[in-house]
Structures are given as C-alpha cells and as structure tokens.
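**Student:** So the sequence lines, in the order shown, correspond to chains E and L.
Going by this note's numbering, 427 is the number at position 324 of the first sequence; the sequence numbering is gapless.
Going by this note's numbering, 1302 is the number at position 11 of the second sequence; the sequence numbering is gapless.
Glycine included, each C-beta is placed from N, C-alpha and C at the ideal position.
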Amino acid sequence: MIHKYRQNEINIVLDVESGAIHVVDDIVYDILDYYENMPEDVLCGHLSGKYTLNALKEALNEVEELKRNGLLFSEFDYSSQISKGGNKPVVKALCLNVAHDCNLRCGYCFAGEGEYGGKRAMMSLKTGKKAVDFIIHNSGNRHNLEIDFFGGEPLMNFEVVEGIISYARDEERKHNKNFRFTITTNGLLLNDTNLAFINENMHNLVLSLDGRKEVNDVMRNTISGESCYEIILPKLIKAAESRYQADYYVRGTFTHHNLDFSKDVLHLANLGFKQISIEPVVAEDNKDYSIKEDDLPALYEQYEILAKEMALRYGKEDDFNFFHFMIDLEGGPCLAKRLTGCGAGTEYLAVTPEGDLYACHQFIGNENYKLGNVDLGITSDKTSDFKDLNVFTKEVCAACWAKYYCSGGCAANALNFNGDLKIPYEIGCDLQRKRTECAIALKCAVEF
Amino acid sequence: MKHIKTLNSKLLNNTIVTGGCGECQTSCQSACKTSCTVANQSCENRVTASDLQRNRK
Chain E
104 MIHKYRQNEI NIVLDVESGA IHVVDDIVYD ILDYYENMPE DVLCGHLSGK
154 YTLNALKEAL NEVEELKRNG LLFSEFDYSS QISKGGNKPV VKALCLNVAH
204 DCNLRCGYCF AGEGEYGGKR AMMSLKTGKK AVDFIIHNSG NRHNLEIDFF
254 GGEPLMNFEV VEGIISYARD EERKHNKNFR FTITTNGLLL NDTNLAFINE
304 NMHNLVLSLD GRKEVNDVMR NTISGESCYE IILPKLIKAA ESRYQADYYV
354 RGTFTHHNLD FSKDVLHLAN LGFKQISIEP VVAEDNKDYS IKEDDLPALY
404 EQYEILAKEM ALRYGKEDDF NFFHFMIDLE GGPCLAKRLT GCGAGTEYLA
454 VTPEGDLYAC HQFIGNENYK LGNVDLGITS DKTSDFKDLN VFTKEVCAAC
504 WAKYYCSGGC AANALNFNGD LKIPYEIGCD LQRKRTECAI ALKCAVEF
Chain L
1292 MKHIKTLNSK LLNNTIVTGG CGECQTSCQS ACKTSCTVAN QSCENRVTAS
1342 DLQRNRK
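1) Where Pro192/E and Ser487/E are concerned, what is the direct C-alpha to C-alpha distance, given to the nearest angstrom?
2) Return the bridge partner residues of His106/E from the DSSP annotation.
3) Which residues share a DSSP beta bridge with Gln184/E?
4) Pull the bridge partners of Ile250/E from the DSSP assignment, please.
5) Does Glu382/E come out as helix, strand or coil in the three-state DSSP assignment?
6) Alpha helix (DSSP H) containing Asp459/E: first to last residue?
7) If the cut is a Cβ gap below 7 Å, which residues of chain L does Ala128/E touch?
8) Starting from the C-beta of Arg1347/L, find all residues in its chain whose C-beta is less than 6 Å away, skip the five residues before and the five after it, and write them out in chain order.
9) With distance defined between alpha-carbon atoms, name the residue in Glu120/E, Ile113/E and Asn111/E nearest to Ile105/E.
10) Using a C-beta to C-beta distance shorter than 9 Å, which residues of chain L count as neighbours of Asn307/E?
11) Less than 8 Å between the C-beta atoms of Cys212/E and Asp251/E, yes or no?
12) In the DSSP assignment, find the unbroken alpha helix (DSSP H) run with Phe261/E in it and report its ends.
13) Could you tell me whether the segment 454-462 of chain E touches the segment 1314-1328 of chain L, where touching means 3 or more Cβ pairs closer than 8 Å?
14) Would you grab the beta carbon distance between Val353/E and Leu312/E for me? Rounded to a whole angstrom, and I think it's under 8 Å.
15) Hey, is His125/E's beta-carbon within less than 8 Å of any beta-carbon in chain L?
16) Can you grab the Cα-Cα spacing for the pair Cys1315/L / Glu1335/L, in whole Å?
17) Measure how close the beta-carbons of Ala453/E and Cys445/E come, nearest whole angstrom, since I'm counting them as under 8 Å.
18) When you compare each of Glu412/E, Thr443/E, Ala162/E and Ala158/E to Phe495/E by their alpha carbons, which one comes out closest?
19) Select from Cys500/E, Asn140/E and Leu371/E the residue whose C-alpha is nearest the C-alpha of Ile381/E.
20) Got a sec? Which residues, its chain only, sit under 8 Å from Tyr553/E by beta carbon, not counting five neighbours each side?
21) Taking buried to mean at least 16 other C-beta atoms within 10 Å of its own C-beta, is Leu156/E buried or exposed?
22) Nearest CA to the CA of Lys280/E: which residue from Leu291/E, Glu249/E and Asn476/E?
23) Thinking C-beta only, is Ala447/E closer than 8 Å to Ala515/E?
24) Work out the CA separation of Ser330/E and Leu409/E for me, nearest whole Å.
25) Is the beta carbon of Ile163/E less than 8 Å from the beta carbon of Ile185/E?
26) Using a Cβ-Cβ distance cut-off of 8 Å, determine whether Cys437/E contacts chain L.
27) Decide if Lys222/E is buried, meaning its Cβ has at least 16 other Cβ atoms within 10 Å, or exposed.
28) Checking the sheet assignment: what are the DSSP bridge partners for Lys1296/L?
29) Once you ignore the five residues that flank Ile130/E on each side, which residues in its own chain have a CB closer than 7 Å to its CB?
30) Output, in chain order, the set of chain L residues within a Cβ distance shorter than 9 Å of Lys195/E.
31) Just curious, the beta strand (DSSP E) that Thr325/E is in, first and last residue?
32) Is DSSP giving Ala158/E helix, strand or coil here?
33) Give the DSSP-derived three-state secondary structure of Thr356/E in the structure shown.
34) Can you give me the C-alpha to C-alpha distance between Gln1344/L and Leu293/E, rounded to a whole angstrom?
35) So, does the CB of Gly254/E fall closer than 8 Å to a CB anywhere in chain L?
36) Just tell me which of Thr1306/L, Ser1318/L and Cys1319/L has its CA closest to the CA of Tyr181/E.
Spelled out as structure tokens, the structure:
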C-alpha cells in the first residue's frame, strides 16, 4: 500500500509497510496513479500527452528500482510480530491520580473537574507507596518504569508526590529499576520550592494553557470563575526557562470555539515557549464545544498553516516544537511498539486516590474497566480485552495508511464513542491522518 | 535518482530484529492524555539531543 499527497507544492509518497518516504517529481506522482493497474505500454500511452516517452521510461525505471529494494509497494506480513505475551501483563507505566480535586474549573475536563464522577479525594502516601511496589513487582524485566503524577491537580497533594518519589528512589536501587517521573499541572500552585523539586526529579513537566487569553478564558477559570491566564502565565514561562526550554510541554486543548487554533500555538511560540502541544478536545457530540465533522476542513487548514509557519521558522531563533508534528524518521519507535500502541490496560494503568487500578486515566469512573487495586493487584479478566488490541484486530485500522503512526488510536475514545474498543473514534482518526501528513510534509520541507 | 528522493533510511521491517525491548516511554505519559500518537515517540536506544544537553550540565 502507498499513500500519496501534495502539500506545500511537494509531492510526497509514503510506502506504508516499509515506512519509506519519498519526495517525487510530477511524472512519478502521475505514474503512481496507474502503475499497479496498467501494463507499462498502456500507462505510457495514457500519459504521453503530458510527458515524453523517454522521461516516462526513465521515471518508471526508478519506480521499479525502489520496488525491487522493498521501498515502494512493499508487502510484509507483520501479524506474526504481535507479542502473545504471558498470562500476567508486564506493567511499566502508571498514571498516578494523586488528587481527585482541582483548583480550576475547566469546562471540557474529562476528569469531571477532578472528581472523575466520584468524590473529591487525595491519595495517601501509604497508597502511593503501594502503587510503587505494585509496578516494581509487576514489571518483569523492564528496567525503565514511568509514573505520571496526574489528577485533578497534583500540586494540591505535593507532599505525597515528594514522599512517593523518595520511596521510589530507595526501591529502584534495590530492584535494579529506573523510575522516570512526570507531572501534569495547571501551574496555579507552582512556586520556587516545588519547581526546584520538579526540576530535580521530573523527567518531563506538562503545563496546561490553551493559548490566547480570550481562548483560555472560555474554558479555564478559577473556582470563583475568574481568568487564570494572568496568574499562571508568568509561572509557566519561568518553569519553561528553568528547564532550559527542554523536557516540558506547554499543553492546551482546542475546541469548536477556536477552530483557528494555529493562532493559539503561535501565540504560545511567540511568548517564547519552545515545546508546545495543542490537542483537539474529545467530547460528546451534544456538547457545544465538541469537534464536529463539519469542522474538519477548517482544522485541516489550520494544521497546514502551522506546518508552513514551522518550516519558515526552522533553524531560526523563533522556531519551536509542536508535539503532534514530531516525527523521528531515523530513530522513531520500532515495529513492535507501532503495532500495539499505548498499552492501556496492559503495560499502562491508572491508579485512583483509593488505590484502584483502571485500564488508563480515561477509564477511571467506568466500573467495567476497574482492573484491580494496589493491594491485590490485577483481579479482573478484562485485561484480555486489551491484550487483543492491535492494528490488525481493528478492521478499519488494518486498511488505513496511517496505522503505524497512531498504532490504532485511543482505546478509551473508541469505547466512549462507539461502545467497542476495536472501533476507533472517527474524527480522531481524521485529525490524526492530517497531522501525520503535515508532520511528514514539514520534514520534507526542511530536508529538501 | 533523478525523479525520486528518499527521505529515510531506517525502515520498519528492519526494526523487527532490533526492536521490541519495551523500554521506551508510554505514549500517554509524554504530553497528550487524550489523542494517542505513537510515532512521535523516540526509540529508547536512541540518545536524544536533550539527553546530551542534560548530561553536559
């Protein structure tokens, strides 16, 4: 399978199975429309009004050479590469919801303003330590383990965060593990003291801000309903600078109300942030702010604007990194990772303040996907539903050219929108395909 | 080649042999918590620029 498209006046061809990416001229671009279905002489006759016979033959030879080398129309059966795994899942990452409470009231919050449909609660240090023990004892021979401090707002329970990290550092030495910690915060409670601790201990820091003040203030407000923009912006700028503009993301959400979201990304870039992630809101169709199918053309245009602007800024003082356009063509994930994706419900679990284990942070509150707790470990056989998730067991993914980039999409979105872990959320897929095209186009634009 | 320029040399099929160690970052632990993107993660066996920068400090 190939996927071809034109962006920024560059003809791009992706060979899906090998992952090879080619920039081609107009002759090859046209030839590829007919190459698989027409004999060479018929193809040449078909395009003879546009190109000379010599040029067509020359281009066809190049196409043939790539095909012989497995770089075009390549065919591999990767289904045998799906890890069967053992009966016991290997857990390597936890989303630790240390606070089911929040000091902001964001209109689109999937966590129900921190409560996840339950009651407000804080994780105790005792439960946090049990979570550390759980991951160590369920991680098999994995050396690198991850814990993301999440919520709600994790800085509301920062003493416990410090205690958990201190305990994990002691335990990792005993068990030959390496913990990497991240924290996702709205920044409201950031101060010099906790920032110093974060910089000392956190592999990554995710800071929430939606972009322009007027956009941010539509959804993100304090408990008393006031704007949080002026309060948090200086703190976020300081945090980014203190991490030398690396190993952090300023992260926001765009909705139906700001379909011109490229302006929000550029607003953050112009404020000096170098690591930016702005994502589409995921919400039920009946919400006024949810992304509708009719919004897609405008959003596609926004991603193209962004890719074009990033190409112009590339290598200059005002360049920046956009999370969804990151693509490492020489050092990206291996095939095994691309086949199975995020690992929700198997190698990645979420832990509530009470110590209950869920398939991921987005499943919290859905009792069908409570998989156990930190005392007893995994007790539900629901994990088998997740073990079976890969790009070949999802019918629409198997036929999609972008399957090795999104790896089958978000399981929680699939369940929430379609009631089936194996039927991906369609608007999410549409946007993912566009982002992948733009990421590759940006790479082509700066390489050639 | 005159008509075609190939952008990348690392091919997916080659990573069957070298990959699968499972030591890399889980995608939802990076920046996004709602829209799964896997291909923008790095292979654990590749040293990143920020790792080098951190080591120099």
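**Tutor:** Taking the structure as given:
1) Working through the first sequence from its first residue, we reach residue 192/E at position 89. Working through the first sequence from its first residue, we reach residue 487/E at position 384. Roughly 9 Å between the two C-alpha positions.
2) Against the first sequence, residue 106/E aligns to sequence position 3. Answer by DSSP bridge pairing, in chain order: Leu117/E.
3) Along the first sequence, one-based indexing puts residue 184/E at 81. Per DSSP, none; premise fails for Gln184/E.
4) Here residue 250/E refers to the residue found at position 147 when the first sequence is read from its first residue. Under DSSP, the beta-bridge partners assigned to Ile250/E are Leu197/E and Phe284/E.
5) One-based indexing of the first sequence puts residue 382/E at position 279. Strand, per DSSP.
6) Taking the first sequence and counting its residues from 1, the one referred to as residue 459/E is at position 356. Premise fails: Asp459/E lies in the beta strand (DSSP E), Asp459 to Tyr461, not in any alpha helix (DSSP H).
7) Locating residue 128/E in the first sequence gives position 25, where the first residue counts as 1. The sequence as given places Asp at residue 128/E; Ala does not occur at that position. Correct list: His1294.
8) Looking up residue 1347/L in the second sequence gives position 56. Confidence is the limiting factor: at Arg1347/L the pLDDT is only 42, short of 50, which leaves the residue's position unreliable, though a coordinate-based value still follows. Cβ within range, chain order: n/a, list empty.
9) Counted from its first residue, the first sequence places residue 105/E at position 2. For Ile105/E, the nearest C-alpha among the options comes from Glu120/E.
10) Mapped onto the first sequence, residue 307/E falls at position 204. Under the 9 Å cutoff, chain L gives Gln1316, Gln1320, Ser1321 and Ala1322.
11) Counted from its first residue, the first sequence places residue 212/E at position 109. Counted from its first residue, the first sequence places residue 251/E at position 148. Taking 8 Å as the Cβ cut-off, Cys212/E and Asp251/E do not qualify as a contacting pair.
12) Indexing the first sequence from 1 puts residue 261/E at position 158. Phe261 to His278 is the extent of the alpha helix (DSSP H) around Phe261/E.
13) no
14) Locating residue 353/E in the first sequence gives position 250, where the first residue counts as 1. Locating residue 312/E in the first sequence gives position 209, where the first residue counts as 1. Going by Cβ atoms, the distance from Val353/E to Leu312/E rounds to 5 Å, so yes, they are a contact pair.
15) In the first sequence, the residue the question calls residue 125/E occupies position 22. Yes, because at least one Cβ of chain L sits closer than 8 Å to the Cβ of His125/E.
16) For this step, residue 1315/L is matched to residue 24 along the second sequence. For this step, residue 1335/L is matched to residue 44 along the second sequence. Their Cα atoms are separated by approximately 5 Å.
17) What you label residue 453/E is simply residue 350 of the first sequence in a count that begins at 1. What you label residue 445/E is simply residue 342 of the first sequence in a count that begins at 1. With 8 Å as the limit, Ala453/E and Cys445/E do not qualify as a contact, their Cβ atoms being about 12 Å apart.
18) Within the first sequence, the letter at position 392 stands for residue 495/E. Among Glu412/E, Thr443/E, Ala162/E and Ala158/E, the Cα nearest to that of Phe495/E belongs to Thr443/E.
19) Taking the first residue of the first sequence as position 1, residue 381/E is located at position 278. Cα-wise, what sits closest to Ile381/E is Leu371/E.
20) The shown model of chain E, from 104 to 551, leaves out residue 553/E, and the question about it has no answer.
21) Taking the first residue of the first sequence as position 1, residue 156/E is located at position 53. Exposed, by the Cβ-count rule.
22) To locate residue 280/E, count along the first sequence from 1; it is residue 177. If we check each option's Cα against that of Lys280/E, Glu249/E comes out closest.
23) Residue 515/E sits at position 412 when you count from the first residue of the first sequence. Residue 447/E sits at position 344 when you count from the first residue of the first sequence. Against a cut-off of 8 Å, the Cβ pair of Ala447/E and Ala515/E comes out as a contact.
24) Counting from 1 along the first sequence, the entry for residue 409/E is found at position 306. Counting from 1 along the first sequence, the entry for residue 330/E is found at position 227. Near 27 Å, if we compare the C-alpha coordinates of Ser330/E and Leu409/E.
25) Against the first sequence, residue 163/E aligns to sequence position 60. Against the first sequence, residue 185/E aligns to sequence position 82. Inspection of the sequence shows that residue 163/E is occupied by Leu rather than by Ile. Contact: no.
26) Within the first sequence, the letter at position 334 stands for residue 437/E. For Cys437/E, at least one C-beta of chain L is nearer than 8 Å to its own C-beta.
27) Walking along the first sequence from the start, residue 222/E turns up at place 119. Per the 10 Å Cβ criterion, exposed.
28) On the second sequence, position 5 is the one that residue 1296/L refers to. In DSSP, Lys1296/L forms a bridge with Val126/E.
29) Against the first sequence, residue 130/E aligns to sequence position 27. Taken in chain order, the residues that qualify are Tyr154, Ala158, Leu159 and Ala162.
30) Here residue 195/E refers to the residue found at position 92 when the first sequence is read from its first residue. The contacting residues are Gly1313, Glu1314 and Thr1317.
31) In the first sequence, residue 325/E corresponds to position 222, counting from 1. Where Thr325/E is concerned, the enclosing beta strand (DSSP E) stretches over Arg323 to Thr325.
32) On the first sequence, residue 158/E is found 55 positions in, with the first residue counted as 1. Helix at Ala158/E.
33) In the first sequence, residue 356/E corresponds to position 253, counting from 1. Thr356/E: strand per DSSP, three-state reduction.
34) Locating residue 1344/L in the second sequence gives position 53, counting from the first residue. Locating residue 293/E in the first sequence gives position 190, counting from the first residue. Residue confidence is low: Gln1344/L scores 47 on pLDDT, short of 50, so the model does not pin down where it sits. Its coordinate-derived value is still stated next. Roughly 25 Å between the two C-alpha positions.
35) Along the first sequence, read from residue 1 onward, the residue named residue 254/E stands at position 151. No, its Cβ sits nowhere closer than 8 Å to a Cβ of chain L.
36) Indexing the first sequence from 1 puts residue 181/E at position 78. When only C-alpha atoms are compared, the closest one is Thr1306/L.
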